[in-house]
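Read through the structure below, which is laid out as structure tokens, and then see the notes.
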Amino acid sequence: MKVGEKFSTFEELEDAVKAYSDENYVQYYKRESRAVAAAKRKGIKRYINENILVYQVHYHCIKGGRTFKTRSRGERETKTFVDGCPAYFKCCVSADGEHLEVMSSHTEHNHPISQAIYEQLPKQRALPEAVKVEVRQLMQLKANKKLLKQKIQQDTGKVVLLKDLSNLASSLKPATRNDLDQTVHLLQKDYGKFHVHCTPSVVTQYVC
């Protein structure tokens, strides 16, 4: 993101941030922002196109920005992405009041950058909701997680960790007959004929 770049709407700016992140394998988050309406309440008098919505917004690398003081007593190991990275860019309404403009930026990062690292980040691993529904259905049939992981990666091109599947599994509710019927239909559509073995209370396994 270069100083002086202008965007007609906040949505256009967000799209540009996403494209920049994907191209350069770095991820930013909105550290702080102020809406146009809030800025006017604070006394800003100059003309601003209210369709812009945002008066100013600051983006920082996820490995930089704010640091937080923990209240933990150190009994459990925790992980954090914060590493003091100075990379950022700040945008504000332009002088003519019609655009969001990049006012300042620092693009040098203090940590390794690569496509492999970028694709491992939680935001990049996030699955579309439709895929989550399918995964939950398959996991209710006790699908092999390693095979399911391979299938998702082939279908979506995303990096998937086994812990991602475990997190999805933790949100599962007990399977109902309707859930089972829908899942069997899904398996037959994707893989052909399946035989499902189950007890009255829970599905135990599936075989083709």
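Per this note's numbering, residue 87 is the first one in the sequence shown, and the count goes up by one each step. Ideal placement from N, C-alpha and C gives every residue a C-beta, glycine not left out. What you are looking at is a predicted structure, and each value in this text was computed from that prediction instead of being measured.
- Here the C-alpha atom of A212 lies approximately 32 Å from the C-alpha atom of G90.
- Among the bridge pairs identified by DSSP, S191 is matched with F175.
- Relative to S94, the option among L224, L227, C178 whose CA is nearest is C178.
- It is roughly 15 Å from the alpha-carbon of S190 to the alpha-carbon of S119.
- If you look at K116, you'll find it in the beta strand (DSSP E) that goes 114-121.
- Within the stretch 182-226, the runs of beta strand (DSSP E) that reach at least 3 residues and sit entirely inside it are, in chain order, 186-192.
- With a cutoff of 7 Å on beta-carbon distance, E100 and V122 are scored as not near each other.
- Ranked by how close their Cα comes to the Cα of F96, the residues Y141, M225, V219, K228 have Y141 in first place.
- Taking every protein chain shown into account, the CB of K249 has fewer than 16 other CB atoms within 10 angstroms, so this residue is exposed.
- In terms of Cβ geometry, V246 and Q206 do not form a close pair [threshold 7 Å].
- Each residue's CA atom was taken as its position, placing N253 and E109 some 29 Å apart.
- Counted as a single uninterrupted DSSP element, the beta strand (DSSP E) harbouring V140 occupies residues 140-147.
- The beta-carbon distance between H185 and C147, rounded to whole angstroms, is 24 Å. This is too long to meet the 8 Å contact definition.
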